[in-house]
Amino acid sequence: MSDAQTNPFDDENHAFLVLVNAKRQYSLWPDITVVPKGWRTVLGPKSRADCVQWLEQNWQDIRPLALNA
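If you want it as structure tokens, here you go:
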């Protein structure tokens with residue numbers, strides 16, 4: 000049996016957040032980690048699947064805000 004730790008970004012057993020920054024870029028973020036400076040929560044904590052679904056429905060253009068003119 001391996002003692003390898005699971006990456007919290009891949010562990011579906013944890014709750015997740017959807018974050019956004021000032022450039023309107025989004026990030027899927029595990030709720031067990033600190034939200035980085037410059038980012039704010041727009042959804043969550045929810046299941047990873049719920050957050051991915053929200054991102055798929057709400058983040059149609061992955062370009063930063065400055066390029067989305």
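Using numbering that gives the first Met the number 0, read the sequence shown as starting at 0 and increasing by one per residue.
For each residue, glycine too, the CB sits at the ideal point set by N, CA and C.
- Rounded to whole angstroms, the separation of the alpha carbons of Pro7 and Trp58 is 22 Å.
- Residue pairing from DSSP places Trp28 in a beta bridge opposite Leu16.
- Across the structure, Leu54 and Gln4 are spaced so that their CA atoms are roughly 27 Å apart.
- Between the beta-carbon of Val41 and that of Leu18 there is about 7 Å, and that keeps the pair under the 8 Å contact cut.
- Distance from the Cα of Lys36 is smallest, within the candidate group Leu27, Ser46 and Ala21, for Ala21.
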